[in-house]
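Take a look at the structure set out below.
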(Lines of atoms letter the chains of each structure in order from A and count residues from 1; the text may use other names and numbers.)
(Lines give C-alpha, C1' and ligand atoms only; values in the text may rest on other atoms or scores of the structure.)
Protein backbone atom coordinates (compact mmCIF):
# COMPACT_ATOMS: atom_id res chain seq x y z
CA UNK A 1 0.00 0.00 0.00
CA UNK A 2 2.91 2.31 0.66
CA UNK A 3 4.02 1.92 -2.94
CA UNK A 4 0.55 2.65 -4.30
CA UNK A 5 0.22 5.69 -2.08
CA UNK A 6 3.57 7.05 -3.28
CA UNK A 7 2.55 6.71 -6.91
CA UNK A 8 -0.79 8.36 -6.26
CA UNK A 9 0.81 11.29 -4.48
CA UNK A 10 3.38 11.71 -7.29
CA UNK A 11 0.72 11.78 -9.98
CA UNK A 12 -1.47 14.07 -7.89
CA UNK A 13 1.40 16.50 -7.55
CA UNK A 14 2.00 16.32 -11.30
CA UNK A 15 -1.67 17.12 -11.97
CA UNK A 16 -1.48 20.14 -9.68
CA UNK A 17 1.69 21.38 -11.35
CA UNK A 18 -0.05 21.10 -14.72
CA UNK A 19 -2.99 23.00 -13.27
CA UNK A 20 -0.67 25.84 -12.29
CA UNK A 21 0.78 25.75 -15.78
CA UNK A 22 -2.66 26.26 -17.28
CA UNK A 23 -4.75 23.08 -17.37
CA UNK A 24 -8.19 22.32 -18.71
CA UNK A 25 -11.39 22.35 -16.63
CA UNK A 26 -11.42 18.55 -16.85
CA UNK A 27 -8.02 18.34 -15.18
CA UNK A 28 -9.08 20.83 -12.53
CA UNK A 29 -12.10 18.62 -11.83
CA UNK A 30 -9.85 15.58 -11.43
CA UNK A 31 -7.98 17.33 -8.63
CA UNK A 32 -11.16 17.54 -6.58
CA UNK A 33 -10.78 16.82 -2.90
CA UNK A 34 -7.39 17.03 -1.32
CA UNK A 35 -6.35 20.03 -3.38
CA UNK A 36 -5.19 21.84 -0.27
CA UNK A 37 -2.95 18.91 0.70
CA UNK A 38 -1.50 18.73 -2.81
CA UNK A 39 -0.96 22.49 -2.76
CA UNK A 40 1.05 22.14 0.42
CA UNK A 41 3.12 19.36 -1.14
CA UNK A 42 3.67 21.42 -4.28
CA UNK A 43 4.74 24.40 -2.19
CA UNK A 44 7.22 22.24 -0.32
CA UNK A 45 8.82 20.66 -3.39
CA UNK A 46 8.23 23.31 -6.07
CA UNK A 47 6.60 22.60 -9.43
CA UNK A 48 9.22 22.23 -12.16
CA UNK A 49 12.08 22.38 -9.62
CA UNK A 50 14.45 19.49 -8.98
CA UNK A 51 16.72 19.30 -5.97
CA UNK A 52 20.25 20.44 -6.79
CA UNK A 53 21.68 17.07 -5.80
CA UNK A 54 23.78 14.61 -7.79
CA UNK A 55 25.00 14.76 -11.39
CA UNK A 56 23.20 16.87 -13.97
CA UNK A 57 21.32 14.32 -16.07
CA UNK A 58 21.13 15.30 -19.75
CA UNK A 59 19.13 13.63 -22.50
CA UNK A 60 20.07 14.74 -26.01
CA UNK A 61 17.70 13.71 -28.78
CA UNK A 62 19.45 11.27 -31.08
CA UNK A 63 21.72 8.25 -30.95
CA UNK A 64 24.39 7.46 -28.37
CA UNK A 65 27.01 10.25 -28.47
CA UNK A 66 30.49 9.58 -29.87
CA UNK A 67 33.64 11.64 -29.85
CA UNK A 68 34.18 13.13 -33.33
CA UNK A 69 36.77 11.42 -35.49
CA UNK A 70 38.21 12.42 -38.84
CA UNK A 71 34.80 12.42 -40.55
CA UNK A 72 32.96 15.55 -39.42
CA UNK A 73 30.70 16.09 -42.40
CA UNK A 74 27.46 15.66 -40.48
CA UNK A 75 28.01 15.47 -36.73
CA UNK A 76 24.73 14.72 -34.97
CA UNK A 77 23.81 16.89 -31.99
CA UNK A 78 24.78 14.20 -29.42
CA UNK A 79 28.23 13.92 -31.03
CA UNK A 80 28.67 17.71 -31.07
CA UNK A 81 27.84 18.01 -27.36
CA UNK A 82 30.17 15.18 -26.31
CA UNK A 83 33.00 16.40 -28.56
CA UNK A 84 32.67 19.96 -27.24
CA UNK A 85 32.96 18.62 -23.68
CA UNK A 86 35.91 16.29 -24.19
CA UNK A 87 37.86 18.09 -26.93
CA UNK A 88 37.57 21.85 -27.29
CA UNK A 89 39.23 23.87 -30.06
CA UNK A 90 41.30 27.04 -29.90
CA UNK A 91 38.13 28.78 -28.79
CA UNK A 92 34.68 27.53 -27.91
CA UNK A 93 31.11 28.73 -27.32
CA UNK A 94 29.93 29.80 -23.89
CA UNK A 95 26.42 29.55 -22.45
CA UNK A 96 25.28 32.62 -24.44
CA UNK A 97 26.67 31.29 -27.73
CA UNK A 98 29.57 33.77 -27.67
CA UNK A 99 33.24 32.97 -28.19
CA UNK A 100 35.33 32.20 -25.11
CA UNK A 101 38.81 30.80 -24.56
CA UNK A 102 39.48 27.14 -25.36
CA UNK A 103 43.00 25.76 -25.53
CA UNK A 104 43.99 29.30 -26.50
CA UNK A 105 43.96 31.58 -23.45
CA UNK A 106 44.12 34.79 -25.53
CA UNK A 107 44.47 35.97 -29.12
CA UNK A 108 44.86 39.03 -31.31
CA UNK A 109 43.56 39.77 -34.81
CA UNK A 110 45.78 41.91 -37.05
CA UNK A 111 46.23 42.97 -40.66
CA UNK A 112 42.53 43.82 -41.09
CA UNK A 113 41.42 40.30 -40.24
CA UNK A 114 44.13 38.45 -42.21
CA UNK A 115 46.19 37.25 -39.24
CA UNK A 116 45.08 35.50 -36.03
CA UNK A 117 47.71 34.89 -33.35
CA UNK A 118 46.81 32.56 -30.46
CA UNK A 119 48.67 31.97 -27.21
CA UNK A 120 47.95 28.52 -25.83
CA UNK A 121 47.24 27.81 -22.19
CA UNK A 122 48.80 24.98 -20.16
CA UNK A 123 46.40 22.42 -21.59
CA UNK A 124 46.68 18.65 -21.26
CA UNK A 125 45.22 15.78 -23.22
CA UNK A 126 42.90 13.34 -21.49
CA UNK A 127 45.85 11.00 -20.76
CA UNK A 128 47.71 13.78 -18.92
CA UNK A 129 50.22 14.56 -21.67
CA UNK A 130 50.84 18.23 -22.34
CA UNK A 131 49.25 19.68 -25.47
CA UNK A 132 51.81 21.36 -27.74
CA UNK A 133 51.57 24.02 -30.44
CA UNK A 134 52.89 21.52 -33.00
CA UNK A 135 50.01 19.15 -32.23
CA UNK A 136 47.48 21.98 -32.53
CA UNK A 137 48.91 23.04 -35.90
CA UNK A 138 48.81 19.47 -37.25
CA UNK A 139 45.20 18.93 -36.11
CA UNK A 140 43.97 22.23 -37.52
CA UNK A 141 45.68 21.62 -40.86
CA UNK A 142 43.81 18.32 -41.16
CA UNK A 143 40.43 19.85 -40.33
CA UNK A 144 40.77 22.98 -42.50
CA UNK A 145 42.15 21.20 -45.55
CA UNK A 146 40.06 21.36 -48.74
CA UNK A 147 40.07 17.54 -48.60
CA UNK A 148 38.84 17.40 -45.00
CA UNK A 149 35.63 15.52 -44.20
CA UNK A 150 34.33 18.55 -42.33
CA UNK A 151 31.10 20.45 -43.03
CA UNK A 152 32.85 23.73 -42.22
CA UNK A 153 35.76 23.22 -44.64
CA UNK A 154 34.03 25.11 -47.51
CA UNK A 155 33.94 28.22 -45.30
CA UNK A 156 37.61 28.00 -44.31
CA UNK A 157 39.17 28.31 -47.75
CA UNK A 158 40.65 31.70 -46.86
CA UNK A 159 43.10 29.97 -44.48
CA UNK A 160 46.47 30.04 -46.23
CA UNK A 161 48.82 28.86 -43.48
CA UNK A 162 48.86 27.62 -39.90
CA UNK A 163 52.29 27.80 -38.27
CA UNK A 164 53.94 27.28 -34.89
CA UNK A 165 55.64 30.52 -33.87
CA UNK A 166 56.81 29.31 -30.43
CA UNK A 167 55.95 26.23 -28.31
CA UNK A 168 53.04 28.29 -26.90
CA UNK A 169 52.00 30.46 -29.87
CA UNK A 170 50.51 29.68 -33.28
CA UNK A 171 49.49 31.95 -36.14
CA UNK A 172 46.73 31.43 -38.68
CA UNK A 173 47.23 33.54 -41.81
CA UNK A 174 44.43 34.21 -44.27
CA UNK A 175 44.60 34.97 -47.97
CA UNK A 176 41.52 37.17 -47.59
CA UNK A 177 40.23 39.11 -44.56
CA UNK A 178 37.76 37.26 -42.34
CA UNK A 179 37.16 39.20 -39.10
CA UNK A 180 34.33 36.80 -38.14
CA UNK A 181 36.42 33.62 -38.27
CA UNK A 182 36.48 32.96 -34.52
CA UNK A 183 32.89 31.67 -34.38
CA UNK A 184 33.78 29.03 -36.94
CA UNK A 185 36.79 27.93 -34.88
CA UNK A 186 34.50 27.71 -31.83
CA UNK A 187 32.36 24.99 -33.42
CA UNK A 188 32.76 21.36 -32.20
CA UNK A 189 33.64 20.40 -35.79
CA UNK A 190 37.01 22.13 -35.21
CA UNK A 191 37.66 20.65 -31.78
CA UNK A 192 41.15 19.19 -31.31
CA UNK A 193 41.06 15.40 -31.02
CA UNK A 194 44.14 13.21 -30.71
CA UNK A 195 43.43 9.84 -32.33
CA UNK A 196 46.60 8.13 -31.05
CA UNK A 197 47.31 6.63 -28.64
CA UNK A 198 43.98 4.95 -28.05
CA UNK A 199 41.51 5.73 -26.69
CA UNK A 200 41.05 8.97 -28.60
CA UNK A 201 40.69 12.04 -26.46
CA UNK A 202 40.93 15.79 -26.25
CA UNK A 203 41.83 18.62 -23.92
CA UNK A 204 38.31 19.80 -23.20
CA UNK A 205 36.78 20.93 -19.91
CA UNK A 206 35.47 17.45 -19.03
CA UNK A 207 36.68 13.86 -18.94
CA UNK A 208 34.81 10.64 -19.63
CA UNK A 209 34.57 8.17 -16.76
CA UNK A 210 34.05 4.76 -18.42
CA UNK A 211 31.85 1.93 -17.24
CA UNK A 212 28.71 3.84 -16.28
CA UNK A 213 25.68 1.76 -17.27
CA UNK A 214 23.12 4.61 -17.29
CA UNK A 215 24.95 6.75 -19.82
CA UNK A 216 28.25 8.57 -20.30
CA UNK A 217 29.45 10.12 -17.07
CA UNK A 218 31.49 13.28 -17.58
CA UNK A 219 33.54 14.83 -14.80
CA UNK A 220 35.37 18.19 -14.73
CA UNK A 221 38.96 18.00 -15.98
CA UNK A 222 41.28 18.77 -13.07
CA UNK A 223 44.03 21.31 -13.49
CA UNK A 224 47.26 19.42 -12.66
CA UNK A 225 48.71 22.64 -11.26
CA UNK A 226 45.79 23.46 -9.03
CA UNK A 227 46.27 24.11 -5.34
CA UNK A 228 45.83 20.78 -3.52
CA UNK A 229 43.94 22.63 -0.79
CA UNK A 230 41.24 23.65 -3.28
CA UNK A 231 38.04 21.62 -2.87
CA UNK A 232 37.59 18.77 -5.32
CA UNK A 233 34.63 18.90 -7.74
CA UNK A 234 31.36 17.79 -6.19
CA UNK A 235 29.00 15.19 -7.61
CA UNK A 236 26.78 18.05 -8.77
CA UNK A 237 29.57 19.19 -11.13
CA UNK A 238 29.33 15.92 -13.08
CA UNK A 239 27.11 15.37 -16.12
CA UNK A 240 25.40 12.10 -17.00
CA UNK A 241 24.82 12.21 -20.76
CA UNK A 242 22.63 9.91 -22.82
CA UNK A 243 21.28 9.98 -26.34
CA UNK A 244 17.71 8.77 -26.80
CA UNK A 245 14.48 9.17 -28.73
CA UNK A 246 12.51 12.34 -28.13
CA UNK A 247 9.58 10.52 -26.51
CA UNK A 248 11.85 8.78 -24.01
CA UNK A 249 13.78 11.97 -23.26
CA UNK A 250 10.63 14.03 -22.69
CA UNK A 251 9.06 11.35 -20.49
CA UNK A 252 12.24 11.08 -18.42
CA UNK A 253 12.21 14.85 -17.86
CA UNK A 254 8.50 15.01 -16.96
CA UNK A 255 9.11 12.18 -14.48
CA UNK A 256 11.92 14.29 -12.94
CA UNK A 257 14.56 11.72 -13.82
CA UNK A 258 16.61 14.22 -15.84
CA UNK A 259 17.51 17.90 -15.76
CA UNK A 260 17.83 18.77 -19.44
CA UNK A 261 16.49 17.67 -22.81
CA UNK A 262 18.59 19.17 -25.59
CA UNK A 263 18.47 19.04 -29.39
CA UNK A 264 14.72 19.51 -29.83
CA UNK A 265 13.43 20.55 -33.28
CA UNK A 266 10.08 21.01 -34.97
CA UNK A 267 10.03 17.28 -35.70
CA UNK A 268 9.58 16.41 -32.02
CA UNK A 269 7.62 19.46 -30.87
CA UNK A 270 4.16 17.80 -31.02
CA UNK A 271 5.41 15.10 -28.64
CA UNK A 272 6.50 17.75 -26.16
CA UNK A 273 3.14 19.52 -26.42
CA UNK A 274 1.31 16.26 -25.75
CA UNK A 275 3.45 15.69 -22.63
CA UNK A 276 2.47 19.18 -21.36
CA UNK A 277 5.53 19.99 -19.22
CA UNK A 278 5.47 23.07 -17.02
CA UNK A 279 5.92 26.17 -19.22
CA UNK A 280 8.75 27.43 -16.99
CA UNK A 281 10.85 24.47 -18.19
CA UNK A 282 10.23 24.95 -21.93
CA UNK A 283 12.89 27.11 -23.57
CA UNK A 284 13.07 28.12 -27.25
CA UNK A 285 16.27 29.40 -28.84
CA UNK A 286 16.28 32.47 -31.11
CA UNK A 287 18.14 30.27 -33.59
CA UNK A 288 19.83 31.91 -36.57
CA UNK A 289 19.85 29.90 -39.79
CA UNK A 290 17.70 28.55 -42.59
CA UNK A 291 14.34 26.81 -42.51
CA UNK A 292 12.76 26.51 -45.94
CA UNK A 293 12.49 24.55 -49.16
CA UNK A 294 15.40 24.21 -51.55
CA UNK A 295 14.46 23.74 -55.21
CA UNK A 296 16.23 20.53 -56.22
CA UNK A 297 14.74 20.02 -59.71
CA UNK A 298 14.11 22.58 -62.44
CA UNK A 299 11.88 20.75 -64.88
CA UNK A 300 8.16 20.75 -65.58
CA UNK A 301 6.27 23.30 -63.54
CA UNK A 302 9.37 24.41 -61.61
CA UNK A 303 11.34 25.21 -64.76
CA UNK A 304 10.03 28.80 -64.68
CA UNK A 305 10.96 31.27 -61.93
CA UNK A 306 7.43 32.71 -61.94
CA UNK A 307 6.03 29.27 -61.10
CA UNK A 308 8.56 28.81 -58.31
CA UNK A 309 7.45 32.21 -57.03
CA UNK A 310 3.82 31.01 -57.07
CA UNK A 311 4.78 28.13 -54.78
CA UNK A 312 6.69 30.50 -52.47
CA UNK A 313 3.82 32.99 -52.11
CA UNK A 314 1.22 30.26 -51.61
CA UNK A 315 2.69 29.24 -48.23
CA UNK A 316 0.86 30.77 -45.29
CA UNK A 317 3.90 31.28 -43.06
CA UNK A 318 2.01 33.06 -40.30
CA UNK A 319 -0.48 30.21 -39.95
CA UNK A 320 2.29 27.61 -39.89
CA UNK A 321 4.42 29.30 -37.26
CA UNK A 322 1.44 30.28 -35.09
CA UNK A 323 0.23 26.66 -35.08
CA UNK A 324 3.56 25.69 -33.49
CA UNK A 325 4.58 28.52 -31.16
CA UNK A 326 4.25 32.26 -30.76
CA UNK A 327 8.06 32.30 -30.43
CA UNK A 328 8.60 30.89 -33.93
CA UNK A 329 9.35 33.72 -36.36
CA UNK A 330 8.30 33.49 -40.02
CA UNK A 331 10.65 34.72 -42.73
CA UNK A 332 10.31 35.73 -46.38
CA UNK A 333 13.97 36.53 -47.10
CA UNK A 334 17.02 34.26 -47.26
CA UNK A 335 19.11 36.55 -45.05
CA UNK A 336 17.69 37.26 -41.59
CA UNK A 337 19.36 40.68 -41.53
CA UNK A 338 22.04 42.55 -43.42
CA UNK A 339 24.98 40.82 -41.68
CA UNK A 340 28.13 41.39 -43.81
CA UNK A 341 26.25 42.25 -47.00
CA UNK A 342 26.42 45.69 -48.59
CA UNK A 343 22.61 45.88 -48.70
CA UNK A 344 19.62 44.85 -46.58
CA UNK A 345 18.16 41.37 -47.29
CA UNK A 346 16.73 41.12 -50.81
CA UNK A 347 12.94 40.78 -50.75
CA UNK A 348 11.24 38.55 -53.33
CA UNK A 349 8.98 40.21 -55.88
CA UNK A 350 5.89 38.44 -54.57
CA UNK A 351 6.42 39.98 -51.09
CA UNK A 352 4.70 43.20 -52.24
CA UNK A 353 1.43 41.28 -52.72
CA UNK A 354 -0.87 41.57 -49.71
CA UNK A 355 -0.92 38.31 -47.69
CA UNK A 356 -4.66 37.81 -48.21
CA UNK A 357 -4.21 38.10 -51.99
CA UNK A 358 -1.17 35.87 -52.40
CA UNK A 359 -2.92 32.54 -52.86
CA UNK A 360 -5.37 33.91 -55.42
CA UNK A 361 -2.49 35.43 -57.40
CA UNK A 362 -0.59 32.14 -57.24
CA UNK A 363 -3.69 30.19 -58.27
CA UNK A 364 -4.07 32.42 -61.35
CA UNK A 365 -0.44 31.78 -62.24
CA UNK A 366 -0.90 27.99 -62.02
CA UNK A 367 -4.05 28.17 -64.17
CA UNK A 368 -2.25 30.26 -66.79
CA UNK A 369 0.63 27.77 -66.96
CA UNK A 370 -1.74 24.85 -67.35
CA UNK A 371 -3.65 26.57 -70.12
CA UNK A 372 -0.48 27.47 -72.00
CA UNK A 373 1.18 24.07 -71.56
CA UNK A 374 -2.02 22.04 -71.93
CA UNK A 375 -0.97 20.16 -68.81
CA UNK A 376 -2.87 18.68 -65.87
CA UNK A 377 -2.48 20.03 -62.35
CA UNK A 378 1.24 20.00 -61.50
CA UNK A 379 2.57 17.53 -58.93
CA UNK A 380 5.47 18.40 -56.63
CA UNK A 381 7.41 15.92 -54.52
CA UNK A 382 8.32 17.36 -51.11
CA UNK A 383 11.21 15.73 -49.22
CA UNK A 384 10.34 16.13 -45.54
CA UNK A 385 11.56 14.36 -42.39
CA UNK A 386 9.48 11.70 -40.69
CA UNK A 387 7.92 12.30 -37.29
CA UNK A 388 4.97 14.15 -35.87
CA UNK A 389 6.45 17.58 -36.60
CA UNK A 390 7.20 16.57 -40.17
CA UNK A 391 3.58 15.56 -40.55
CA UNK A 392 2.42 18.89 -39.14
CA UNK A 393 4.61 20.71 -41.66
CA UNK A 394 3.43 18.46 -44.48
CA UNK A 395 -0.24 19.07 -43.68
CA UNK A 396 0.17 22.86 -43.86
CA UNK A 397 2.27 22.82 -47.04
CA UNK A 398 0.02 20.32 -48.84
CA UNK A 399 -3.05 22.38 -47.92
CA UNK A 400 -1.51 25.63 -49.17
CA UNK A 401 -0.34 24.08 -52.43
CA UNK A 402 -3.71 22.44 -53.03
CA UNK A 403 -5.32 25.87 -52.63
CA UNK A 404 -3.46 27.09 -55.74
CA UNK A 405 -4.05 23.92 -57.78
CA UNK A 406 -0.79 22.08 -57.09
CA UNK A 407 -0.79 18.47 -55.89
CA UNK A 408 1.88 17.70 -53.29
CA UNK A 409 3.39 14.27 -52.63
CA UNK A 410 5.45 13.60 -49.53
CA UNK A 411 8.71 11.69 -50.05
CA UNK A 412 11.64 10.71 -47.81
CA UNK A 413 14.34 13.31 -47.02
CA UNK A 414 16.91 11.47 -49.16
CA UNK A 415 14.64 10.84 -52.16
CA UNK A 416 16.68 11.85 -55.21
CA UNK A 417 13.52 12.49 -57.24
CA UNK A 418 12.29 15.22 -54.87
CA UNK A 419 11.38 18.59 -56.36
CA UNK A 420 11.64 20.50 -53.08
CA UNK A 421 13.68 19.49 -50.03
CA UNK A 422 13.46 20.89 -46.50
CA UNK A 423 16.58 22.68 -45.25
CA UNK A 424 16.64 23.09 -41.46
CA UNK A 425 20.09 24.28 -40.38
CA UNK A 426 21.43 26.57 -37.66
CA UNK A 427 24.10 28.95 -38.93
CA UNK A 428 27.54 28.27 -37.40
CA UNK A 429 28.51 31.94 -37.69
CA UNK A 430 27.06 35.29 -38.75
CA UNK A 431 28.09 35.54 -42.40
CA UNK A 432 25.66 36.11 -45.25
CA UNK A 433 27.80 33.86 -47.45
CA UNK A 434 26.90 30.85 -45.32
CA UNK A 435 23.18 31.50 -45.90
CA UNK A 436 23.60 31.99 -49.63
CA UNK A 437 25.89 29.01 -50.17
CA UNK A 438 23.60 26.75 -48.13
CA UNK A 439 20.48 27.97 -49.98
CA UNK A 440 22.09 27.47 -53.41
CA UNK A 441 21.21 23.79 -53.89
CA UNK A 442 20.41 24.02 -57.61
CA UNK A 443 20.58 27.76 -58.22
CA UNK A 444 21.29 29.40 -61.58
CA UNK A 445 24.86 30.03 -62.71
CA UNK A 446 24.85 33.83 -62.19
CA UNK A 447 23.93 33.41 -58.51
CA UNK A 448 26.49 30.65 -58.10
CA UNK A 449 29.18 32.87 -59.68
CA UNK A 450 28.31 35.76 -57.36
CA UNK A 451 28.59 33.52 -54.30
CA UNK A 452 32.00 32.37 -55.52
CA UNK A 453 33.03 35.99 -56.09
CA UNK A 454 32.17 36.72 -52.46
CA UNK A 455 34.39 33.85 -51.34
CA UNK A 456 37.35 35.11 -53.39
CA UNK A 457 36.96 38.85 -52.68
CA UNK A 458 40.25 40.47 -51.59
CA UNK A 459 38.66 43.22 -49.49
CA UNK A 460 35.72 43.40 -47.11
CA UNK A 461 34.09 46.03 -49.31
CA UNK A 462 34.32 43.83 -52.42
CA UNK A 463 33.05 40.85 -50.43
CA UNK A 464 30.05 42.81 -49.12
CA UNK A 465 29.20 43.99 -52.63
CA UNK A 466 29.42 40.46 -54.07
CA UNK A 467 27.25 39.10 -51.24
CA UNK A 468 24.57 41.72 -51.93
CA UNK A 469 24.59 40.83 -55.62
CA UNK A 470 24.39 37.09 -54.86
CA UNK A 471 21.50 37.67 -52.47
CA UNK A 472 19.53 39.56 -55.11
CA UNK A 473 20.27 37.01 -57.86
CA UNK A 474 19.40 34.03 -55.65
CA UNK A 475 16.20 35.70 -54.46
CA UNK A 476 15.08 36.59 -58.00
CA UNK A 477 15.90 33.06 -59.16
CA UNK A 478 13.62 31.58 -56.44
CA UNK A 479 16.14 28.79 -55.86
CA UNK A 480 15.22 28.68 -52.17
CA UNK A 481 11.86 29.31 -50.50
CA UNK A 482 12.35 30.75 -46.99
CA UNK A 483 9.68 29.87 -44.44
CA UNK A 484 10.96 30.70 -40.94
CA UNK A 485 14.02 30.65 -38.76
CA UNK A 486 15.06 27.21 -37.42
CA UNK A 487 12.92 26.02 -34.52
CA UNK A 488 14.98 24.70 -31.58
CA UNK A 489 13.71 23.89 -28.10
CA UNK A 490 14.99 22.46 -24.81
CA UNK A 491 13.51 21.31 -21.52
CA UNK A 492 15.51 22.90 -18.71
CA UNK A 493 15.29 22.26 -14.98
CA UNK A 494 15.48 25.31 -12.73
CA UNK A 495 18.70 24.02 -11.14
CA UNK A 496 20.49 24.79 -14.42
CA UNK A 497 20.93 28.47 -13.67
CA UNK A 498 23.61 29.07 -16.30
CA UNK A 499 21.63 27.73 -19.29
CA UNK A 500 20.85 30.52 -21.78
CA UNK A 501 18.89 30.61 -25.01
CA UNK A 502 21.14 31.75 -27.85
CA UNK A 503 21.35 32.18 -31.62
CA UNK A 504 23.63 29.16 -32.09
CA UNK A 505 21.11 26.91 -30.25
CA UNK A 506 24.09 25.19 -28.63
CA UNK A 507 24.44 24.62 -24.89
CA UNK A 508 27.83 23.40 -23.60
CA UNK A 509 27.59 20.78 -20.88
CA UNK A 510 30.12 22.59 -18.69
CA UNK A 511 27.98 25.77 -18.78
CA UNK A 512 24.75 24.52 -17.26
CA UNK A 513 24.54 24.54 -13.51
CA UNK A 514 27.06 27.06 -12.17
CA UNK A 515 29.95 29.28 -13.25
CA UNK A 516 32.57 26.56 -13.40
CA UNK A 517 35.11 25.71 -16.08
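Residue numbers (my numbering): 3 to 519.
Beta carbons are placed, not taken as given, at the ideal position from N, Cα and C, and that holds for glycine.
Runs of the alpha helix (DSSP H) lying entirely within the stretch 183–232 and spanning at least 4 residues, in chain order: 184–187. Looking only at 275, 436 and 331, the smallest Cα-Cα distance to residue 456 is reached by 436. Distance check between residue 478 and each of 75, 128, 394 and 309 places 309 closest, using alpha-carbon atoms only.
Boundaries of the beta strand (DSSP E) harbouring residue 173: 171–176, taken from the DSSP string.
Put simply, the stretch 344–352 does not touch the stretch 488–501. Fewer than three CB pairs are less than 8 Å apart.
In the structure shown, residue 437 adopts helical secondary structure according to DSSP, grouped into three states. A straight line joining the alpha-carbon of residue 173 with that of residue 103 spans about 16 Å. DSSP lists 63 as the bridge partner or partners of residue 246.
Secondary structure within the stretch 55–99: the beta strand (DSSP E) runs of 3 or more consecutive residues, fully enclosed, are 58–63 and 93–95 (chain order). Cα atoms of residue 196 and residue 153: separation of roughly 19 Å, rounded to the nearest angstrom. Taking a contact to require three or more Cβ pairs closer than 8 Å, the stretch 404–423 and the stretch 275–282 do not qualify as touching. Cβ contact annotation for residue 323 (same chain, cutoff 6 Å, sequence separation greater than five): 330, 332 and 486, in chain order. Two segments are said to touch when three or more pairs of C-beta atoms, one from each, lie closer than 8 Å; by this definition the stretch 82–90 touches the stretch 56–70. The count of Cβ pairs closer than 8 Å, one atom from the stretch 461–479 and one from the stretch 229–249, stays below three, leaving the stretches out of contact.
In the same chain as residue 143, and ignoring 5 residues on each side of it, the C-beta atoms closer than 8 Å to its own belong to 164, in chain order.
Under the three-pair Cβ rule at 8 Å, the stretch 437–451 counts as touching the stretch 294–312.
Inter-residue distance for residue 506 and residue 377 is about 45 Å (C-alpha atoms, whole angstroms). Approximately 6 Å separates the beta-carbon atoms of residue 193 and residue 86; this is inside 8 Å, confirming the contact.
In the DSSP annotation of this structure, the continuous segment of the beta strand (DSSP E) that includes residue 266 starts and ends at 262–267.
When DSSP states are grouped into helix, strand and coil, residue 482 belongs to the strand group.
If you draw a straight line from the Cα of residue 453 to the Cα of residue 232, it is about 53 Å long. If you look at residue 335, you'll find it isn't in any beta strand (DSSP E); DSSP assigns it neither H nor E. If the five residues before and after residue 325 are omitted, its C-beta is found closer than 8 Å to the C-beta atoms of 394 and 398, all from its own chain and listed in chain order.
Counting only runs of 4 or more residues that sit fully inside the stretch 267–327, the alpha helix (DSSP H) segments are 271–277, 307–316 and 319–326, in chain order.
Taking a contact as a CB-CB distance under 8 Å, the pair residue 472 and residue 438 counts as one, their CB atoms being some 5 Å apart. With contacts defined by Cβ atoms closer than 8 Å, residue 241 and residue 483 do not form a contacting pair. Taking a cut-off of 8 Å for Cβ pairs, the stretch 209–219 and the stretch 181–191 do not touch, as fewer than three such pairs fall below it. Here residue 375 carries a helix assignment [DSSP, helix/strand/coil]. Rounded to the nearest angstrom, the Cβ distance from residue 408 to residue 380 is 5 Å, consistent with a contact under 8 Å. Between the C-alpha atoms of residue 431 and residue 386 there is a straight-line separation of about 25 Å.
Taking the Cβ atoms as the reference, residue 95 lies roughly 6 Å from residue 508, within the contact range of under 8 Å. With respect to residue 182, residue 433 sits close: the two C-beta atoms are nearer than 8 Å.
Looking at the DSSP output, residue 427 bridges to 292. DSSP links residue 513 through a beta bridge to no other residue. Rounded to the nearest angstrom, the Cβ distance from residue 63 to residue 287 is 14 Å, too far for a contact under 8 Å. Where residue 110 is concerned, the enclosing beta strand (DSSP E) starts and stops at 106–112.
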